[in-house]
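Below is one structure, written out as structure tokens; comments come after it.
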Amino acid sequence: MVIYDINDSKIFEASLTESAEHEEELGKSNLIRLSWQSDIKITLPVGAYIVPFDDGIKYRLLDPYTPNEDATAFKYTPEFQHPLMWLSRVPFLYDTTDADKNPIKQQEWSYDGLTTNALQKACDAINEALGITENKFTYTLCGNVDASVSFSVSANDILSVLSSIAQGCKNNPCEWHLSWKHRTLYFGQVSINLGENVPILKAHDNIQYPSISESKENYYNCFYPQGSTKNMSRKALVGTGNYA
Numbered sequence: 001m002v003i004y005d006i007n008d009s010k011i012f013e014a015s016l017t018e019s020a021e022h023e024e025e026l027g028k029s030n031l032i033r034l035s036w037q038s039d040i041k042i043t044l045p046v047g048a049y050i051v052p053f054d055d056g057i058k059y060r061l062l063d064p065y066t067p068n069e070d071a072t073a074f075k076y077t078p079e080f081q082h083p084l085m086w087l088s089r090v091p092f093l094y095d096t097t098d099a100d101k102n103p104i105k106q107q108e109w110s111y112d113g114l115t116t117n118a119l120q121k122a123c124d125a126i127n128e129a130l131g132i133t134e135n136k137f138t139y140t141l142c143g144n145v146d147a148s149v150s151f152s153v154s155a156n157d158i159l160s161v162l163s164s165i166a167q168g169c170k171n172n173p174c175e176w177h178l179s180w181k182h183r184t185l186y187f188g189q190v191s192i193n194l195g196e197n198v199p200i201l202k203a204h205d206n207i208q209y210p211s212i213s214e215s216k217e218n219y220y221n222c223f224y225p226q227g228s229t230k231n232m233s234r235k236a237l238v239g240t241g242n243y244a
């Protein structure tokens with residue numbers, strides 16, 4: 001895996017181990033954690049990046065990284081972040097005017113108004129932070145969403161403010177998800193299929209008859225998805241079987 005600096009020059013080529021992993025939790029994390037050992041000590045600079053997938057997305061270091069050292073080698077476990085994770089470092093500034101009508105940006109502000117207006121402000125902040133001028137982020141409402149919302153911001157980053165908007169919806173609990181591929185902020189009762197094949201449970205296929213002996217009672221199997229809607233596809237099916 002080649003690691004590049006912010007100027008696209010090769011820094012290092014790491015020999016990966018089985019400990020390397022892709023960690024993604026919607027709305028919270030999206031990173032590539034590499035792992036290798038070397039007899040060379042290199043401090044990887046902020047902005048250093050890798051391109052781990054065919055989509056060409058650059059996962060970058062948000063902080064400089066220095067490996068740990070033991071008696072035999074330098075151990076590297078840097079975490080390269082998806083571009084959207086940069087939003088966790090950018091304060092959500094509110095555009096307003098001062099007493100003389102001059103435009104200013106505030107770090108501490110409160111909002112009480114239409115939810116759609118708040119989401120549009122969020123999309124504007126995302127596009128500005130990421131320098132996106134074409135194919136900009138827009139929002140999409142999912143399910144029932146409160147018409148209005150109230151929340152306060154005190155030097156919070158953009159991702160934290162998105163959570164504040166969701167938490168401000170009292171009548172209809174909401175979640176959010178940013179899709180880099182679709183440039184969309186999904187907000188509401190979010191259910192996202194990330195492209196994985198959703199398994200369908202079928203008897204005689206991937207579900208076999210149970211082996212039961214010395215019982216006159218019917219036997220039941222029930223399979224159902226569990227967890228937050230953020231990690232559940234709408235295509236997930238419930239399969240039940242009654243085996244006499």
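Position 185 of the sequence shown, counted from 1, bears residue number 185 in the working numbering, the numbering being contiguous throughout.
Glycine included, each C-beta is placed from N, C-alpha and C at the ideal position.
Which of the three DSSP states, helix, strand or coil, is assigned to Trp86? helix
Would the region 138-150 count as touching the region 162-173 if we require 3 or more Cβ pairs under 8 angstroms? yes
Ala166, buried or exposed, once every other Cβ within 10 Å from all chains shown has been counted against 16: buried
Bridge partners of Ser38, per DSSP? Phe74
Compare the Cα-Cα distances from Thr116 to each of Thr140, Arg60 and Gln189 and report the closest residue. Thr140
Three-way DSSP call (helix, strand, coil) for Asn135 in this model: coil
Using only the alpha-carbon positions, how far apart do Gln37 and Phe80 sit? 17 angstroms
Measuring CA to CA, which of Lys105, Leu185, Asp98 and Ser160 is closest to Ser88? Ser160
Length of the line joining the Cα atoms of Lys136 and Ile104: 23 angstroms
Own chain partners of Leu194 with C-beta closer than 7 angstroms, once the 5 adjacent residues on each side are dropped: For Leu194, the pLDDT reaches just 47, beneath the cut-off of 50, and the residue's location in the model is therefore unreliable, although a value from the coordinates is still provided. Counting only Cβ-Cβ distances below 7 angstroms, and skipping sequence neighbours, we find nothing.
Using C-beta distances below 7 angstroms, list every residue in its chain close to Pro78, excluding the 5 sequence neighbours before and after it, in chain order. Leu34, Leu44, Leu61 and Tyr65
From Asp112, Leu93 and Leu84, pick the residue whose C-alpha is nearest to that of His182; which is it? Leu84
Sequence-distant residues of the same chain with beta carbon closer than 8 angstroms to Ile57, five excluded per side: Val51, His82, Pro83 and Trp180
Sort Val2, His22, Asp124 and Leu185 by Cα distance to Pro91 and report the nearest one. Asp124
To the nearest angstrom, how far is the alpha carbon of Glu95 from that of Ile126? It is worth fixing the name first, because residue 95 is Asp in this sequence and not Glu. Near 14 angstroms, if we compare the C-alpha coordinates of Ile126 and Asp95.
If Ile42 sits next to Tyr59, beta carbons under 8 angstroms apart, how far is it from one beta carbon to the other, in whole angstroms? That belief does not hold up - the Cβ atoms of Ile42 and Tyr59 are roughly 18 angstroms apart, past 8 angstroms.
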